[in-house]
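Enquirer: Shown below is the structure under consideration.
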Amino acid sequence: MSPDVMLWVVVAVVVLVVLGLALVVGSRVRGRRRTAALRRHFGQEYDHVVEQSGGKDRGETELRRRLSRRRELDVRDLDADERERFAGDFAGAQNAFVRTPRAGLRDTDLLLQQVMRTRGYPVEHFSEREEMISVDHPDLVGHYRAAHAVAVAEDDADTESLRKAMLDHGYLFDELIGAGHPESTQRTLPAS
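Counting from 1 along the sequence shown, just add 77 to a position and that's the residue number in my numbering.
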């Protein structure tokens with residue numbers, strides 16, 4: 078092979094190696110940016126999903142699926158009458174909680190489903206509700222998950238667990254009906 082041909086072969090190999098490295102580095106940079114964006118959006122839920130999914134790639138795939146699914150939904154805000162009606166229903170559940178904590182908590186758990194259904198969220202399965210809450214309210218989904226577990230448990234939870242679950246449901250309720258609207262109220266539990 079002549080020296081000129083050999084030089085062109087070496088140049089071609091170097092160019093291919095440089096292009097390959099650029100693609101690998103670019104892919105890693107894009108991957109880090111996607112990871113950072115998912116972490117920013119989901120907060121602690123990012124770590125929860127990655128752990129539950131068995132690894133970063135599967136977890137991030139799941140989180141991207143949730144975001145995509147959420148974009149497909151036509152979720153709407155409640156009107157003033159709906160907010161007022163639901164706020165009244167929540168006050169009733171709080172009063173029931175004072176008399177029979179477990180029943181009041183279950184009423185609140187069901188009320189959250191009604192609010193979600195009215196707004197356009199899927200509500201048939203808890204996992205669907207949990208996933209969509211993780212997209213729209215990632216800071217509250219862990220509390221919702223824990224409160225729902227207490228609400229549907231068959232065992233006798235202690236009063237403090239029931240009270241905490243009721244408060245956690247109240248925070249999500251405020252967000253779902255549109256906290257900041259005049260019809261929404263701040264969540265406090267009546268003294269039991």
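The beta-carbon is built from N, C-alpha and C at its ideal position, and this holds for glycine as well.
#1: Quick one: give me the first and last residue of the alpha helix (DSSP H) that P178 is part of.
#2: So what does DSSP say about G255, is it helix, strand or coil?
#3: Secondary structure at V200, three-state DSSP: helix, strand or coil?
#4: What is the DSSP secondary structure of H214, counted as helix, strand or coil?
#5: How many whole angstroms separate the CB atoms of E137 and L115, which I take to be in contact at a CB cut-off of 8 Å?
#6: Here's a check: name, in chain order, each residue in its chain whose Cβ is nearer than 6 Å to the Cβ of S238, leaving out the five neighbours to either side.
#7: When you compare only the Cα positions, how much space is there between D134 and R206?
#8: Please state whether the Cβ-Cβ distance between L217 and Y198 is less than 7 Å.
#9: Determine the extent of the alpha helix (DSSP H) in which D134 is found, giving its start and end residues.
#10: So, under 8 Å CB-CB, A224 and D251 are touching, yes? Tell me the CB distance rounded to an integer number of Å.
#11: Rounded to the nearest angstrom, what separates H220 and Q121 at their Cα positions?
#12: Tell me where the alpha helix (DSSP H) around V127 begins and ends.
#13: Using a Cβ-Cβ distance cut-off of 7 Å, determine whether V126 contacts chain B.
#14: Of the residues S204, D232, D124 and D213, which one's Cα is nearest the Cα of R196?
#15: Look up A234 in the DSSP assignment and say whether it is helix, strand or coil.
Expert: Walking through what the data contain:
#1: Taking the first residue of the sequence shown as 1, we reach residue 178 at position 101. First-last of the alpha helix (DSSP H) with P178: P178 to R196.
#2: In the sequence shown, the residue the question calls residue 255 occupies position 178. Three-state result, G255: coil.
#3: The residue given as residue 200 occupies position 123 in the sequence shown. V200 falls in the coil class under three-state DSSP.
#4: As a working note, residue 214 is residue 137 in the sequence shown. Coil, per DSSP.
#5: One-based indexing of the sequence shown puts residue 137 at position 60. One-based indexing of the sequence shown puts residue 115 at position 38. 6 Å between Cβ atoms; contact.
#6: As a first step, residue 238 must be located in the sequence shown, where it is residue number 161. Only V227 meet the Cβ criterion.
#7: Here residue 134 refers to the residue found at position 57 of the sequence shown. Here residue 206 refers to the residue found at position 129 of the sequence shown. For D134 and R206, the distance between alpha carbons rounds to 23 Å.
#8: What you label residue 217 is simply residue 140 of the sequence shown in a count that begins at 1. What you label residue 198 is simply residue 121 of the sequence shown in a count that begins at 1. No, these two residues do not count as a Cβ contact at 7 Å.
#9: Locating residue 134 in the sequence shown gives position 57, where the first residue counts as 1. Residues K133 to E149.
#10: Residue mapping note: residue 224 aligns to position 147 of the sequence shown, counting from 1. Residue mapping note: residue 251 aligns to position 174 of the sequence shown, counting from 1. With 8 Å as the limit, A224 and D251 do not qualify as a contact, their Cβ atoms being about 13 Å apart.
#11: Counting from 1 along the sequence shown, the entry for residue 220 is found at position 143. Counting from 1 along the sequence shown, the entry for residue 121 is found at position 44. For H220 and Q121, the distance between alpha carbons rounds to 11 Å.
#12: By one-based count along the sequence shown, residue 127 stands at place 50. Run containing V127: Q121 to S130, per the alpha helix (DSSP H) assignment.
#13: Structure shown: chain B not included; a single protein chain is present.
#14: Taking the sequence shown and counting its residues from 1, the one referred to as residue 196 is at position 119. Answer by Cα proximity: D213.
#15: In the sequence shown, residue 234 corresponds to position 157, counting from 1. The answer is coil: DSSP assigns A234 none of H, G, I, E or B.
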